[in-house]
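Numbering-wise, this note's numbering comes out as the position in the sequence shown, counting from 1, plus 35.
What follows is one structure encoded as structure tokens, with my remarks underneath.
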Amino acid sequence: MDGNGRWANRRGLARTAGHTEGEENLAALVRVAVTRNVGWLTVFGFSTENWVRPRPEVRHILGLHRKLFGRVAELNELNVRIQWMGRPFDSPQARTPKFVQRAIRTAIAETAANTGMVLTVAFDYGSRTELIHAAEQAVAAGETITEASITSHLYLPELPPVDILVRTSGELRISNFMLWQIAGAKVYFTERTWPEFDGAELDAALALRSPA
Ligand code: FPP
Numbered sequence: 036m037d038g039n040g041r042w043a044n045r046r047g048l049a050r051t052a053g054h055t056e057g058e059e060n061l062a063a064l065v066r067v068a069v070t071r072n073v074g075w076l077t078v079f080g081f082s083t084e085n086w087v088r089p090r091p092e093v094r095h096i097l098g099l100h101r102k103l104f105g106r107v108a109e110l111n112e113l114n115v116r117i118q119w120m121g122r123p124f125d126s127p128q129a130r131t132p133k134f135v136q137r138a139i140r141t142a143i144a145e146t147a148a149n150t151g152m153v154l155t156v157a158f159d160y161g162s163r164t165e166l167i168h169a170a171e172q173a174v175a176a177g178e179t180i181t182e183a184s185i186t187s188h189l190y191l192p193e194l195p196p197v198d199i200l201v202r203t204s205g206e207l208r209i210s211n212f213m214l215w216q217i218a219g220a221k222v223y224f225t226e227r228t229w230p231e232f233d234g235a236e237l238d239a240a241l242a243l244r245s246p247a
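Set out below in structure tokens:
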């Protein structure tokens, strides 16, 4: 969800205002995605590298994650199941504060019975860290390293391979996001910042879907 900072800068606002707008846009876009029969929507909310941002910005983004995971009533109304993927909370490098952990656990539990779209939020997520973790788990289980064994030890093995990867804000590069899962994915690039990514943009991205 690139471009929250740029969206705010262009309006003479603080970067944090851009993140606030980004969270609201995500909530709006989830509503649209449900009407388009999207089965799985996975968003990059905070990376393992994002902790070095200025402390007030990090605190603000953490608060927005609590807000997003707190939208349980909305998610239930939409029949959306929310998931999280990222560095396990008990790993030595993990820094996720307890209030975010609680919001994540509660939202997952309270939307677990929903059968519609699965919204996965990557928080404290890095793809290379995920792959190292998967390889370590496979080795610890005494498994031979194969594609199937790595896949089965990803943070959320249930996630299907990615069909369409979206990059907002004119970023013409791949980031440290789902590197294993995006093999073969179509890529939709747009100049629009994340807060400007609306239903029409989603439809343009979904037009890349392979025919069923
Ligand atoms: C990128 O914009 C966005 C982030 C680093 C993550 C924060 C995302 C949100 C708060 C959106 C809401 C999502 C959740 C899950 C609460 P940027 O800061 O890199 O902007 P820039 O590229 O213009 O500097």
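Positions of the beta carbon are idealized from the N, C-alpha and C atoms, including for glycine.
- For Asp198, the secondary structure class from DSSP, reduced to helix, strand or coil, is coil.
- In the assembly as shown, Thr83 is a buried residue. Its beta-carbon has 16 or more other beta-carbons within 10 Å.
- At least one heavy atom of ligand 1 lies less than 7 Å from the C-beta of Leu99.
- Inside the stretch 117-198, DSSP marks whole alpha helix (DSSP H) runs of 4 or more residues at positions 133-145, 162-175, 182-187, from first to last along the chain.
- Distance from the CA of Gly219 to the CA of Gly234, rounded to the nearest whole angstrom, comes to 24 Å.
- By the neighbour-count criterion, in which a residue is buried when 16 or more other Cβ atoms sit within 10 angstroms of its Cβ, Asn60 is buried.
- At least 8 Å separates the beta-carbon of Val65 from that of Leu97.
- Between the stretch 130-150 and the stretch 167-180 there are fewer than three C-beta pairs closer than 8 Å, too few to call the two in contact.
- Under the 8 Å Cβ criterion, the stretch 145-158 counts as touching the stretch 71-87, having at least three qualifying pairs.
- Residue pairing by DSSP places Val222 opposite Leu200 in a beta bridge.
- Counted as a single uninterrupted DSSP element, the beta strand (DSSP E) harbouring Val78 occupies residues 75-82.
- Less than 8 Å separates the beta-carbon of Thr186 from that of Pro192.
- In the structure shown, Trp215 adopts coil according to DSSP, grouped into three states.
- Within a 10 Å sphere around the beta-carbon of Gln216 sit 16 or more other beta-carbons, which makes this residue buried.
- Distances from the CA of Glu226 to each of Ala242, Met213, Leu207, Leu214 were compared; the closest alpha carbon is that of Leu207.
- In the structure shown, the three-state DSSP call for Asp238 is helix.
- For the pair Thr51 and Asn39, the Cα-to-Cα distance works out to about 8 Å.
- Thr131 has its alpha-carbon roughly 12 Å from the corresponding atom of Asn85.
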